[in-house]
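Participant: Counting the sequence shown from 1 gives a position; this note's numbering is that position plus 1.
Next up is a structure, given as structure tokens.
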Amino acid sequence: VQLDFLPGGRLPVPSGDQVIGPLNTAIVQFRALGLPVYATRDWHPPMHCSFKQHGGTLPPHCIAGSPGAAFPGELALPPDAIIVSKGTQAGSDAYSGFEGTGMAAMLREAGVARLFVGGLATDYCVLNTVTDALQEGFGVVLLTEAMRGVNLQAGDDEAAIATMIEHGAAPCSMPPPAKARPRHAQPRYR
Ligand code: ZN
């Protein structure tokens, strides 16, 4: 979730900003359980091959170190979040967070067996990241409320979710914000 992918950015995903709230909810809950948070990001050199003027199809976006490549300030990434940069070489692109990043080894090293995934965009980077994760043997839970699609064709996002489920991912509805559901709430009897 980077500024260039949000409304007003250089390669905006419609309603992309709506993933921030649900992701923050998930982050709070993971931190409360002492579980690690990983954030993948496009981190392209200025002459990246996905850019129109360098043979690709996309407007320049997420150029390493540029304001548009930053995570939005509203996204409550913890200070120890593990940042995984992809598409860092001019000659190759990566939709998947696993492509050329060493993330699979990194996750195994950390003892991670299952991933809860949200982000942008459902029908591109989320789809490719999730199918690679399953291919690498990780379990995957889809935070469907915390993803939005580009939908070049109407319904691309739903088709992507169906594909991810077909490959073995499990969809999951977000629980309400942690505050609204205290862990030791007692029923009230009067
Ligand atoms: Zn890119």
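A virtual CB, placed ideally from N, CA and C, is assigned to each residue, including glycine.
No experiment lies behind these values; they were computed from the predicted model shown.
So residue 110 is in the alpha helix (DSSP H); what residue range does that whole segment cover?
Facilitator: Segment 104-110, the alpha helix (DSSP H) holding residue 110.
Participant: Under the rule that 16 or more other beta-carbon atoms within 10 Å means buried, what is residue 165, buried or exposed?
Facilitator: The residue in question, residue 165, is buried, as its Cβ has 16 or more Cβ neighbours within 10 Å.
Participant: How would you write the range of the alpha helix (DSSP H) that residue 21 sits in, first residue to last?
Facilitator: That run of the alpha helix (DSSP H) goes 21-33.
Participant: Under a three-way DSSP split, which group does residue 50 fall into?
Facilitator: Coil at residue 50, not helix or strand.
Participant: Among the residues of its own chain, which have a CB less than 8 Å from the CB of residue 44, if the five just before and after it don't count?
Facilitator: Within the same chain, residue 44 has close Cβ partners 63, 65, 70, 86, 87, 88, 89.
Participant: Going by DSSP, which residues form a beta bridge with residue 140?
Facilitator: BP columns for residue 140 point to 115.
Participant: Would you grab the beta carbon distance between residue 115 and residue 142 for me? Rounded to a whole angstrom, and I think it's under 8 Å.
Facilitator: Residue 115 to residue 142, Cβ: 7 Å. Contact.
Participant: What separation, rounded to the nearest whole angstrom, lies between the Cα atoms of residue 160 and residue 32?
Facilitator: When rounded, the distance between both Cα atoms is 31 Å.
Participant: May I ask which residues mark the beginning and end of the alpha helix (DSSP H) holding residue 155?
Facilitator: Element bounds for residue 155: n/a, residue is neither H nor E.
Participant: Inspect the beta-carbon positions of residue 124 and residue 140 and report whether they are closer than 7 Å.
Facilitator: Taking 7 Å as the Cβ cut-off, residue 124 and residue 140 do not qualify as a contacting pair.
Participant: How would you write the range of the beta strand (DSSP E) that residue 96 sits in, first residue to last?
Facilitator: Counting along the chain, residue 96 falls outside any beta strand (DSSP E), and DSSP gives it neither H nor E.
Participant: Could you give the distance in angstroms between the alpha-carbon of residue 117 and the alpha-carbon of residue 129?
Facilitator: About 14 Å.
Participant: Just confirm the distance between the C-beta atoms of residue 14 and residue 122, as a whole number of angstroms; I'd bet it's less than 8 Å.
Facilitator: Rounded, the Cβ-Cβ distance is 5 Å, consistent with contact.
Participant: What did DSSP end up calling residue 45 once you bin it into helix, strand or coil?
Facilitator: It is a strand residue.
Participant: Can you grab the Cα-Cα spacing for the pair residue 23 / residue 168, in whole Å?
Facilitator: The alpha-carbon atoms of residue 23 and residue 168 are separated by roughly 24 Å.
Participant: So is residue 61 buried or exposed if we call it buried at 16+ other beta carbons inside 10 Å?
Facilitator: Residue 61 is buried by the Cβ-count criterion.
Participant: Residues bridged to residue 1 by DSSP?
Facilitator: The displayed coordinates of the chain run from 2 to 191. Any statement about residue 1 would go beyond what the structure contains.
Participant: Excluding five sequence neighbours on each side, which residues of the same chain lie with their C-beta closer than 6 Å to the C-beta of residue 170?
Facilitator: 131, 141, 143.
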